[in-house]
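J.: Just passing along the structure, written as structure tokens.
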């Protein structure tokens, strides 16, 4: 990486102080004890817009305003929109933010709050691709500056300031052995990797993507950016179908095995754990780096994990808890063929373990005159013993189907 890029990041870090203080770098005792390591969390969730996105938006807008531009456009359903809105208000310029019609009101409201009278929100289309096309068409017609969420040199430069702060904030004489960075489009990783290579050359930078959107991992395997044929949008802050071209150019020397792939249900378990134990509210993308610690050999090492964001809509909490329980093996769903006779339900209840709790019970239909199909959800409050329960149901001659890991049926009935 050229010295010009590093000089640009240093300049961006200095300019950033006009808008925000460095986000905290905190040693986490709970995680350090758990992994027998020295674990530090870079708390981007404590930035003014609760994510790292403000860094790139500010840097790109700072340069564009200096060049005389006064109107900016972006397409986003989340953190990038909020970062741009905040920066528009700071510079006193006009922002037009395109968001899908399906964007939660909480995110629309926060974007409007951050931007005030400087940000106009336009709701277009049900999906992001439609929204993005509308934003770019608006730029062509109006001559406005499109602000990419990640595939922009000035945005990447701004995101690199996160690494500058980490190196400044660690105790004197301490450098990280491992830095864990979440990846969506690649802007944060693309900006941080060159800075860390220069300032902590012996550090291992490990990247992490959600299993449902491994765009960088696929690009590294293929030798260039590829468009994923399908994608799971649950980790919405990192669910990107194609790594940015500029970002890939900065990350192309990474090996595929340096990218941790985090399962969505396990990410949910990490979110619940951090909320219950540490009182830290994470969005799914914000939990990626902490979740990746499960797959890394960190014992005895100094580790920095970047928490990329904390914009979590608590209406999603029931789903997060549900998925966490399923990953932990404490929640199962069965379709059970139950005889239509007095005492049949009581007989079934007698098969449950001491700590088993029925959380869902619903008759689906009568499949025969003397039998009915029942959807039943069971949560193990203590040590789960679902193999034992299945053995007892088999011995009782019951007909059942475990649908817990069947996404088609689960989406239909749960």
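Residue numbers (my numbering): 710 to 1123. The beta carbon of each residue, even a glycine, is placed where N, CA and C say it ideally should be. If you're wondering where the values come from, they're calculated on a predicted model, not measured in any experiment.
1. In this structure, what does DSSP give as the bridge partners for residue 1015?
2. Give a yes or no on whether the C-beta atoms belonging to residue 751 and residue 734 are separated by under 7 Å.
3. Would you identify the three-state DSSP class for residue 808, choosing helix, strand or coil?
4. Return the chain-ordered ranges of every alpha helix (DSSP H) run that is complete within the segment 970–1027 and spans a minimum of 4 residues.
5. Can you give, in chain order, each stretch of the beta strand (DSSP E) that sits fully within the segment 876–921 and has at least 3 residues?
6. Report back the beta-carbon spacing between residue 969 and residue 747 to the nearest angstrom; my notes put them in contact at under 8 Å.
7. If you reduce the DSSP assignment to three classes, tell me which class residue 735 lands in.
8. Compute the distance between the beta-carbons of residue 848 and residue 824, then report whether it is under 7 Å.
9. What are the boundary residues of the beta strand (DSSP E) that includes residue 1111?
10. Buried or exposed, going by whether 16 or more other CB atoms sit within 10 Å of the CB of residue 1007?
11. Which residues does DSSP pair with residue 1083 in a beta bridge?
12. Return yes when the C-beta of residue 797 is under 6 Å from any heavy atom of the ligand MG, and no when it is not.
13. Tell me whether residue 936 is buried or exposed, calling it buried when 16 or more other Cβ atoms sit within 10 Å of its Cβ.
14. Rounded to whole angstroms, what's the CA-CA distance from residue 791 to residue 775? Just pull it up for me.
15. Along the chain, where does the beta strand (DSSP E) that runs through residue 784 open and close?
16. Hey, residue 952 and residue 938: beta-carbon distance below 7 Å or not?
17. Tell whether a beta-carbon distance below 7 Å holds between residue 1016 and residue 730.
18. Assess, as a yes-or-no matter, whether the segment 993–1001 is touched by the segment 969–984 under the definition of 3 or more beta carbon pairs within less than 8 Å.
19. Leaving out five residues before and five after residue 925 in sequence, what residues of the same chain have Cβ atoms less than 7 Å from its Cβ?
20. With distances taken from CA atoms, which of 781, 956 and 812 is nearest residue 1022?
21. Return the CA-CA distance between residue 788 and residue 809, expressed in angstroms with no decimal places.
22. Around the Cβ of residue 770, are there at least 16 other Cβ atoms within 10 angstroms (buried) or fewer (exposed)?
23. Does the segment 760–769 come close enough to the segment 866–878 that 3 or more CB-CB pairs lie under 8 Å?
24. Would residue 914 and residue 873 qualify as a contact pair, given that the criterion is a beta-carbon distance under 7 Å?
25. Does the distance from the C-beta atom of residue 714 to that of residue 871 stay below 7 Å?
26. Would you list the one or two residues that DSSP bridges to residue 1040?
27. For residue 816, which of 946, 852 and 782 has the nearest alpha-carbon?
28. In whole angstroms, what is the alpha-carbon distance linking residue 845 and residue 785?
29. Return the first residue and the last residue of the beta strand (DSSP E) that residue 828 is part of.
30. DSSP state of residue 935, grouped into three classes?
31. Taking the Cβ atom as the reference point for each residue, do residue 856 and residue 800 lie within a distance shorter than 7 Å?
32. Give me the Cα-Cα distance between residue 886 and residue 1009, rounded to the nearest whole angstrom.
33. In whole angstroms, what is the alpha-carbon distance linking residue 757 and residue 821?
34. Can you grab the Cα-Cα spacing for the pair residue 1051 / residue 1062, in whole Å?
35. Mind checking which residues open and close the alpha helix (DSSP H) that includes residue 836?
36. With a threshold of 16 other CB atoms inside 10 Å of the CB of residue 985, please say whether the residue is buried or exposed.
T.: Taking the geometry as given:
1. Here residue 1015 corresponds to residue number 306 of the chain shown, with the count starting at 1. In DSSP, residue 1015 forms a bridge with 751.
2. By 1-based counting over the chain shown, the position of residue 751 is 42. By 1-based counting over the chain shown, the position of residue 734 is 25. Yes, these two residues count as a Cβ contact at 7 Å.
3. The residue labelled residue 808 in the question sits at position 99 within the chain shown. Residue 808 falls in the strand class under three-state DSSP.
4. 973–982 and 997–1001
5. 887–891 and 913–919
6. In the chain shown, the residue the question calls residue 969 occupies position 260. In the chain shown, the residue the question calls residue 747 occupies position 38. Rounded, the Cβ-Cβ distance is 19 Å, inconsistent with contact.
7. For this step, residue 735 is matched to residue 26 along the chain shown. Residue 735: strand per DSSP, three-state reduction.
8. Your numbering for residue 848 matches position 139 in the chain shown. Your numbering for residue 824 matches position 115 in the chain shown. No. Outside cutoff.
9. Numbered from its first residue, the chain shown carries residue 1111 at position 402. Segment 1108–1111, the beta strand (DSSP E) holding residue 1111.
10. Position 298 of the chain shown, counted from the start, is the residue given in the question as residue 1007. The residue is buried, with at least 16 neighbouring Cβ atoms inside 10 Å.
11. One-based indexing of the chain shown puts residue 1083 at position 374. Answer is 1045 and 1072, bridged to residue 1083.
12. Annotation note on the ligand MG: not contained in the displayed structure, which lists no ligands.
13. As a first step, residue 936 must be located in the chain shown, where it is residue number 227. So residue 936 ends up on the exposed side.
14. As a first step, residue 791 must be located in the chain shown, where it is residue number 82. As a first step, residue 775 must be located in the chain shown, where it is residue number 66. So the alpha carbons of these two residues sit roughly 22 Å apart.
15. Against the chain shown, residue 784 aligns to sequence position 75. Per DSSP, residue 784 belongs to the beta strand (DSSP E) from 780–784.
16. In the chain shown, the residue the question calls residue 952 occupies position 243. In the chain shown, the residue the question calls residue 938 occupies position 229. No; because the gap between Cβ atoms is not below 7 Å, this pair is not in contact.
17. Translated into the one-based positions of the chain shown, residue 1016 becomes position 307. Translated into the one-based positions of the chain shown, residue 730 becomes position 21. No, Cβ-Cβ distance for residue 1016 and residue 730 is not below 7 Å.
18. yes
19. Here residue 925 corresponds to residue number 216 of the chain shown, with the count starting at 1. Contacts found: 892, 895, 916, 918, 952, 960 and 968.
20. Mapped onto the chain shown, residue 1022 falls at position 313. Ranking the options by Cα distance to residue 1022, first place goes to 812.
21. In the chain shown, residue 788 corresponds to position 79, counting from 1. In the chain shown, residue 809 corresponds to position 100, counting from 1. Approximately 14 Å between the Cα atoms of the pair.
22. In the chain shown, counting from the first residue as 1, residue 770 sits at position 61. When all chains shown are included, residue 770 counts as buried.
23. yes
24. Working through the chain shown from its first residue, we reach residue 914 at position 205. Working through the chain shown from its first residue, we reach residue 873 at position 164. It is not a contact, given that the beta carbons lie outside the stated cut-off.
25. Taking the first residue of the chain shown as 1, we reach residue 714 at position 5. Taking the first residue of the chain shown as 1, we reach residue 871 at position 162. Result no, Cβ atoms of residue 714 and residue 871 do not sit closer than 7 Å.
26. Numbered from 1 along the chain shown, position 331 holds the residue referred to as residue 1040. Note: residue 1040 sits in a beta bridge opposite 1088.
27. Within the chain shown, the letter at position 107 stands for residue 816. When each option's Cα is compared against that of residue 816, the closest is 946.
28. For the purposes of this step, residue 845 is identified with residue 136 of the chain shown, where counting begins at 1. For the purposes of this step, residue 785 is identified with residue 76 of the chain shown, where counting begins at 1. So the two alpha carbons sit approximately 12 Å from each other.
29. Within the chain shown, the letter at position 119 stands for residue 828. Residue 828 -> beta strand (DSSP E) spans 828–832.
30. The sequence position of residue 935 within the chain shown is 226, counting from 1. Residue 935: coil per DSSP, three-state reduction.
31. By 1-based counting over the chain shown, the position of residue 856 is 147. By 1-based counting over the chain shown, the position of residue 800 is 91. No, Cβ-Cβ distance for residue 856 and residue 800 is not below 7 Å.
32. For the purposes of this step, residue 886 is identified with residue 177 of the chain shown, where counting begins at 1. For the purposes of this step, residue 1009 is identified with residue 300 of the chain shown, where counting begins at 1. Each residue's alpha carbon lies about 10 Å from the other.
33. Your numbering for residue 757 matches position 48 in the chain shown. Your numbering for residue 821 matches position 112 in the chain shown. About 14 Å.
34. As a position in the chain shown, residue 1051 is number 342, starting the count at 1. As a position in the chain shown, residue 1062 is number 353, starting the count at 1. Distance between the alpha carbons of residue 1051 and residue 1062: 22 Å.
35. Walking along the chain shown from the start, residue 836 turns up at place 127. Premise fails: residue 836 is in no alpha helix (DSSP H) and is neither H nor E.
36. In the chain shown, residue 985 corresponds to position 276, counting from 1. Residue 985 comes out exposed.
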